[in-house]
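These notes are about the structure you will find just below.
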Amino acid sequence: KKLIIINGPNLNLLGKREPNIYGSLSFIEFLEEVKRKYTDIEIDYFQSNIEGEIIDKLHEVGFNFDGIILNAAAYTHTSVGIGDAVKAIETPVVEVHISNTFNREEFRHQSFISPNAKGVILGFGLQSYELAIQSF
Ligand code: DQA
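The UniProt record's numbering puts the first residue of the sequence shown at 2, with every later residue one more than the last.
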């Protein structure tokens, strides 16, 4: 199986950024661990702070990968464009969030991704990504 994890803005700072909410492990460290655990699954990784680059990546992988694990971060709550891209592609998208966005600010309760996602996993810390991998 061929999966890709796509992380949106500010997630390059994981480990340093608000560790009380997002934990103190960097995403690269976490990813190495997960790759060692799931050797039969090919897991690509892409991170961008730029909305259009996330859309371009969705187009690039959206017709030939088996699954996409997408944490669009703040764009989740703002981007009609990323939402439309998720709708336009064929590869199923599982939306993930590290934090439980529903026990945070009101503006994090809306998602432009969820209506077109295969499923949503949130609130389990970095383990949200692992649960998403297991869902494919
Ligand atoms: C996040 C939640 C978003 O509301 C926030 O903007 C993020 C990270 C999460 O993984 O918990 O940057 O997507």
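All C-beta atoms, glycine included, are put in the ideal place defined by N, C-alpha and C.
Run through DSSP, which three-state label would F66 get? By 1-based counting over the sequence shown, the position of residue 66 is 65. Three-state result, F66: coil.
Assign V81 to buried or exposed, taking buried as 16 or more other Cβ atoms, counted over all protein chains shown, within 10 Å of its Cβ. The sequence position of residue 81 within the sequence shown is 80, counting from 1. With fewer than 16 other Cβ atoms within 10 Å, it is exposed.
Regarding S115 and the ligand DQA, is the C-beta to nearest heavy atom distance less than 7 Å? As a first step, residue 115 is located in the sequence shown; it is residue number 114 there, counting from the start. Answer for S115: no, Cβ out of range of the ligand DQA.
Taking Q48 as part of the beta strand (DSSP E), name the residues at either end of that continuous run. Start at 1 with the first residue of the sequence shown, and residue 48 comes out as number 47. Per DSSP, the unbroken beta strand (DSSP E) holding Q48 starts and ends at 43–48.
Based on Cα-Cα distance, which residue from K58, T40, G53, E52 lies nearest to Y46? Mapped onto the sequence shown, residue 46 falls at position 45. Looking at K58, T40, G53, E52, the one whose alpha-carbon comes closest to that of Y46 is K58.
In angstroms with no decimal places, state the Cα-to-Cα distance between H78 and F113. If you number the sequence shown from 1, residue 78 lands on position 77. If you number the sequence shown from 1, residue 113 lands on position 112. About 6 Å.
Using the rule of at least 16 other Cβ atoms within 10 Å of the residue's Cβ for burial, across every protein chain shown, is H98 buried or exposed? Translated into the one-based positions of the sequence shown, residue 98 becomes position 97. That one is buried.
In chain order, each alpha helix (DSSP H) run of at least 4 residues that lies wholly inside the region 2–34: 20–23
For the region 12–19 and the region 54–70, state whether three or more C-beta atom pairs, one from each stretch, are separated by less than 8 Å. no
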